[in-house]
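K.L.:
Pasting a structure here, questions to come.
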Amino acid sequence: MVNRFVLNGVSYHGRGAVGEIPGILRGKGFRKAFVASDPDLVKFKVTDKVTSLLDKAGFPYEVYSDIKPNPTIENVLSGVEAYKKSGADCMITIGGGSSMDTGKAIGIIINNPEFADVRSLEGVAPTKNRTVFTIAVPTTAGTAAEATINYVITDVQKKRKFVCVDVNDIPDVAIVDPDMMSTMPRGLTAATGMDALTHAIEGYITKAAWELSDCLNLEAIRLISRSLRSAVANGTDGRDGMALGQFVTGMAFSNVGLGIAHSMAHTLGAVYDTPHGVACAMMLPIVMEYNAENTGDKYRDIASAMGVDTTGMAPEQFRAAAVAAVRQLSADVGIPAKLAALKEEDLDFLARSAYADACRPGNPKETSEAELKELFRKLM
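Per the working numbering: the sequence shown ends with 1645, consecutive numbering throughout.
Here is the structure:
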């Protein structure tokens, strides 16, 4: 069997890493940057941490911020037009998954105009050309969109999110600077951190997992489990561990896929606008219980990585311990266990949408719409 692994061309890690950006762009001969960042980051001067460096270096740029937390087809289309009008020849995406996912779609369409219909990018799109040269700067420790070949766009008209998988969309350069994450509020730190944990656990048990992805995802589980509580509690401690942990699992799950916790989270986000990390955190222990008997000894590894002494435990014990550790971490960082917005009359649509999601086939246990409906009901 042949296993493919796609990674960034280069990545920079550590506090102050954003200082490398002007030199990278100058060194490659670019003339103007299109800066995609969400409006709150612009408002609260987080984007300025990068644009001020461009100002100091005398490097021209234009900021695009018409980006929603769950980015829409309309955000992408307006971004494509803005990029064309800007005269830019490269892109910097600054933010969480929303900004980076929007930037990925914009860059792909700019260099592959035959995919101007954003919906045509769903699934594995046969694009021919790389995205425009992109430097991705995460401001959250969760989505790892700076390291992945995936992005997610919301179709508001159809009330669904769709996943796009394309080796041509991975950013050329990832700048993982914990200082860019230092202003995240507690709730966002918790939600994005649990998203990262969901990536690592689902990536560890997904059908396509293999030795290289396993070693990365297991280390990510360790890093996140020992760092998230302190990152949420005081905003400084744990940031470095979270920045690295979310990137490490991004390298892995991007190449091996996820499972139905993400399928269901995508659906909750599309229907109720539930923050993605919150939806993942609520679904993860429910899905872990559902998958438990199809995971061999992997839950022993997960429990151990989360600090549980599994010595002498039988399979049913270490599986229960892994689920309990996830539930406890989620509770400790303030994630709710139930979704008040969830309605019985929505369950059929939610189940159909989750079953159609691109992440569902990677789940270690085969599922059905009826079973997904029952899993959703557990959030009520």
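Using N, Cα and C, we set each Cβ at its ideal position, and we do this for glycine too.
Leaving aside the five residues before and after Leu1640 along the sequence, list all residues of the same chain whose C-beta is less than 8 Å from its C-beta, in chain order.
P.N.:
Sequence-distant Cβ neighbours of Leu1640 in its own chain, meaning closer than 8 Å and more than five residues away, are Ile1525, Met1529, Met1548, Ile1551, Val1552 and Tyr1555.
K.L.:
Measure the C-alpha to C-alpha separation of Met1645 and Pro1601 and round it to an integer number of angstroms.
P.N.:
For the pair Met1645 and Pro1601, the Cα-to-Cα distance works out to about 11 Å.
K.L.:
Just the Cα atoms here: how many angstroms apart are Glu1609 and Lys1643?
P.N.:
11 Å
K.L.:
Which of the three DSSP states, helix, strand or coil, is assigned to Asp1420?
P.N.:
strand
K.L.:
In this structure, what does DSSP give as the bridge partners for Arg1425?
P.N.:
Asp1420
K.L.:
Does the distance from the CB of Leu1523 to the CB of Gly1458 come in under 8 Å?
P.N.:
Their beta carbons are not under 8 Å apart, which means Leu1523 does not touch Gly1458 by this criterion.
K.L.:
Return the bridge partner residues of Glu1327 from the DSSP annotation.
P.N.:
Phe1299
K.L.:
Among the candidates Leu1488, Ala1557, Ala1568 and Ser1447, whose CA atom is the shortest distance from the CA of Gly1281?
P.N.:
Checked all of Leu1488, Ala1557, Ala1568 and Ser1447; the closest Cα to Gly1281 is Ser1447.
K.L.:
Quickly, what does DSSP pair Asn1556 with across the bridge? List them, please.
P.N.:
Bridge partners of Asn1556: none, in fact.
K.L.:
Which partner residues does Met1356 have in the DSSP bridge list?
P.N.:
Phe1299 and Thr1399
K.L.:
What is the DSSP secondary structure of Ile1375, counted as helix, strand or coil?
P.N.:
helix
K.L.:
Are the CB atoms of Pro1580 and Thr1471 nearer to each other than 8 Å?
P.N.:
no
K.L.:
Leaving aside the five residues before and after Arg1617 along the sequence, list all residues of the same chain whose C-beta is less than 8 Å from its C-beta, in chain order.
P.N.:
Glu1634
K.L.:
Given a cut-off of 8 Å, decide if Gly1506 and Leu1488 are closer than it, judged by their beta-carbon atoms.
P.N.:
Yes; because the gap between Cβ atoms is below 8 Å, this pair is in contact.
K.L.:
Would a C-beta distance cut-off of 8 Å place Ala1301 and Met1356 closer than the cut-off?
P.N.:
yes
K.L.:
I'd like to check one pair, Val1315 with Ile1373: are the Cβ atoms closer than 8 Å?
P.N.:
no
K.L.:
Can at least three beta-carbon pairs, one atom from the region 1557–1565 and one from the region 1415–1434, be found at a separation below 8 Å?
P.N.:
no
K.L.:
Would you list the residues sitting across from Tyr1277 in a DSSP beta bridge?
P.N.:
Ile1440
K.L.:
Can the beta-carbon of Phe1270 be found less than 8 Å from the beta-carbon of Ala1409?
P.N.:
No; because the gap between Cβ atoms is not below 8 Å, this pair is not in contact.
K.L.:
My guess is that Arg1262 and Pro1325 are in contact by the Cβ rule of under 8 Å, so how many angstroms apart are they, rounded?
P.N.:
This structure does not reach residue 1262, given that the chain is present from 1266 up to 1645, and the question cannot be answered.
K.L.:
DSSP state of Gly1627, grouped into three classes?
P.N.:
helix
K.L.:
Assuming the contact rule is C-beta atoms closer than 8 Å, Asp1437 and Ile1400 should be a hit. Round their C-beta distance to whole Å, please.
P.N.:
7 Å
K.L.:
Taking the alpha carbon of Leu1604 as the point to measure from, which residue in Gln1582, Ser1276, Tyr1537 and Val1389 has its own alpha carbon closest?
P.N.:
Tyr1537
K.L.:
Any idea which residues DSSP pairs Thr1337 with across the strands?
P.N.:
Thr1419
K.L.:
Extract the residue ranges of the alpha helix (DSSP H) inside the region 1432–1489, only unbroken runs of 4 or more that lie entirely within it.
P.N.:
1451–1470
K.L.:
Mind checking whether Arg1494 and Asp1597 have CB atoms under 8 Å apart?
P.N.:
yes
K.L.:
Going by Cα to Cα distance, which pick from Ala1546, Asp1434 and Ala1544 is closest to Lys1393?
P.N.:
Asp1434
K.L.:
The alpha helix (DSSP H) with Thr1514 in it runs from where to where?
P.N.:
Boundaries of the alpha helix (DSSP H) harbouring Thr1514: Arg1504 to Val1521, taken from the DSSP string.
K.L.:
Would you give the residue range spanned by the alpha helix (DSSP H) that Lys1321 belongs to?
P.N.:
Bounds of the alpha helix (DSSP H) holding Lys1321 are Asp1313 to Ala1322.
K.L.:
To which residues does DSSP link Gly1388 through a beta bridge?
P.N.:
Cys1429
K.L.:
Which residues in the same chain as Thr1312 place their Cβ atom closer than 6 Å to its Cβ, once the five residues preceding and following it in sequence are excluded?
P.N.:
Once the five neighbours on either side are set aside, the close Cβ partners of Thr1312 are Ser1302, Leu1306 and Ile1359.
K.L.:
Relative to the alpha-carbon of Asp1622, which residue among Asn1377, Gly1407, Thr1419 and Ile1371 has its alpha-carbon at the smallest distance?
P.N.:
Check the Cα spacing between Asp1622 and each of Asn1377, Gly1407, Thr1419 and Ile1371: the tightest is with Thr1419.
K.L.:
Quick check: what's the CA-CA separation for Ile1440 versus Val1328?
P.N.:
Answer to the nearest angstrom: the Cα atoms are 18 Å apart.
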